[in-house]
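What follows is a short report on a single structure.
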DNA sequence: ATAGGTGCAAAGCATTTGCCGCGGT
DNA sequence: ACCGCGGCAAATGCTTTGCACCTAT
């Protein structure tokens, strides 16, 4: 029988080790926080969650770690408007984001065709597509207009951003 | 016979007047710079061009004006990576941008279908699409592989970004 | 042992803002 | 005349960094 939870090496810690990164206590904690995150936290939020597990961590370290992991391709930086960078682990194939402009919640979705299309456009312009980004900003539909949608009319969302500041 | 060039009211000045904005000397200059711009300048660049026409302008005013015009829907803010906001006049229907990651040059292109597609996706997720953004980052193709393209193999580009700083 | 990591506080950058005199309408 | 505008410099907010100490490897 093996102890589960906090004791086990996190997915991201594994990736760090694989790339030969020195694993310090704070990196282990940050790696865990990132591995457990199911949303798109910004540095402040990561710092909050990390210090909750081990208070011997400074924001500077979170910034440094997050930058390092991004350079190593373990993390991806996102900009959903609001001035702060948000992070998510690189993994489960490309997906895109739709941001609820009223609540700040982020919905992920896939669009297999999209990347292919973008690649074609780039080629047509004489370029090889290296990367691309796309974000949708929307407002939840007031389901006044009859048309009943397939499933529950409240699609899964994730984290709120900020109470009500404008984007900049 | 009418004097042309600097003396005439610029396109953006017209828009400002139409929306009842008070037209000061500095706004007139900034409006002209924006009207004449065929690229996507950042605030620093706008400031440079504006002071070249009339030195009695401060960066603060450029920031204030650019923000005001964005709120009025006359300008659109862009983020091509690099930490500074870039601006372009709202006009000639939606188009997208492809950024040459080696030179920083920006190529504009259209994709009529795209917006429609994004709108559909949003609806499928239970949202009304309010806005969306998309940028492609690419590298000019080394035209080794035979396939001759239609026209000149050097598509039109515009402005360089910055000599060689990393995106952040 | 030793290259690299960390905390702390100061520095950096792009952008915003308070204050107050000045200029459009 | 009046309200908004612009200059200046200080303030902000996120992120980076210099320095001296500490710790994985």
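Residue numbers (this note's numbering), protein chains in the order written: chain A, 396 to 563; chain B, 396 to 563. The beta carbon of each residue, even a glycine, is placed where N, CA and C say it ideally should be. Keep in mind it's a predicted model, so treat the numbers as computed, not measured.
Using a Cβ-Cβ cut-off of 7 Å (strictly less than) and excluding sequence neighbours within five positions of residue i, which residues of its own chain qualify?
i             : result
residue 445/B : 424, 425, 428, 452, 457
residue 486/A : none
residue 542/B : Unreliable placement is indicated for residue 542/B, whose pLDDT of 46 sits below 50; no coordinate value is reported for it.
I want to see whether chain A comes within less than 8 Å of residue i, judged by CB atoms only; does it?
i             : result
residue 487/B : no
residue 416/B : no
residue 533/B : yes
residue 423/B : no
residue 522/B : yes
residue 541/B : Note on residue 541/B: pLDDT 44, under 50, position unreliable in the model; the coordinate value appears next. Judged by the 8 Å Cβ criterion, residue 541/B is not in contact with chain A.
residue 513/B : yes
residue 474/B : yes
residue 459/B : no
residue 451/B : no
residue 427/B : no
What's the C-alpha gap between residue i and residue j?
i             : j             : result
residue 483/B : residue 510/B : 19 Å
residue 471/B : residue 437/B : 12 Å
residue 514/B : residue 504/A : 13 Å
residue 516/A : residue 526/A : 13 Å
residue 523/A : residue 533/B : 5 Å
residue 497/A : residue 520/B : 15 Å
residue 564/B : residue 464/B : Since the first residue shown for chain B is 396 and the last is 563, residue 564/B is missing from the structure and cannot be characterised.
residue 491/A : residue 476/B : 18 Å
residue 494/A : residue 449/A : 32 Å
residue 435/B : residue 481/B : 6 Å
residue 410/A : residue 512/A : 31 Å
residue 531/A : residue 489/A : 15 Å
residue 501/A : residue 473/A : 12 Å
residue 462/A : residue 469/A : 10 Å
residue 459/A : residue 417/A : 13 Å
residue 518/B : residue 447/B : 48 Å
residue 537/A : residue 537/B : 50 Å
Exposed or buried, residue i, counting other C-beta atoms within 10 Å across all chains shown (16 or more means buried)?
i             : result
residue 529/B : buried
residue 419/A : exposed
residue 564/B : Any property of residue 564/B remains undetermined from this structure, which presents chain B solely from 396 to 563.
residue 412/A : exposed
Keeping to the same chain, check which residues put their C-beta closer than 6 Å to that of residue i; ignore five residues upstream and five downstream.
i             : result
residue 421/B : 452, 456
residue 454/B : 442
residue 467/A : 414
Within 8 Å of any Cβ in chain B, is that where the Cβ of residue i sits?
i             : result
residue 530/A : yes
residue 525/A : yes
residue 504/A : yes
residue 496/A : yes
residue 517/A : yes
residue 493/A : yes
residue 479/A : no
residue 444/A : no
residue 409/A : no
residue 536/A : yes
residue 403/A : no
Counting only the same chain and skipping the five closest in sequence on each side, list residues whose C-beta sits under 8 Å from that of residue i.
i             : result
residue 430/B : 405, 406, 407, 408, 484
residue 439/A : 454, 479
Just to confirm, does residue i get its C-beta within under 7 Å of one of the non-hydrogen atoms of the ligand MN?
i             : result
residue 496/A : By its list of ligands, the structure shown contains no ligand whatsoever, and the ligand MN lies outside what it can speak to.
- Task: Pick out the complete alpha helix (DSSP H) segments inside the segment 458 to 525 of chain A, 4 residues or longer, and give them in chain order.
- Result: 507 to 519
- Taking the runs of the alpha helix (DSSP H) that are 4 residues or longer, which of them lie wholly in the segment 407 to 447 of chain A? 420 to 431
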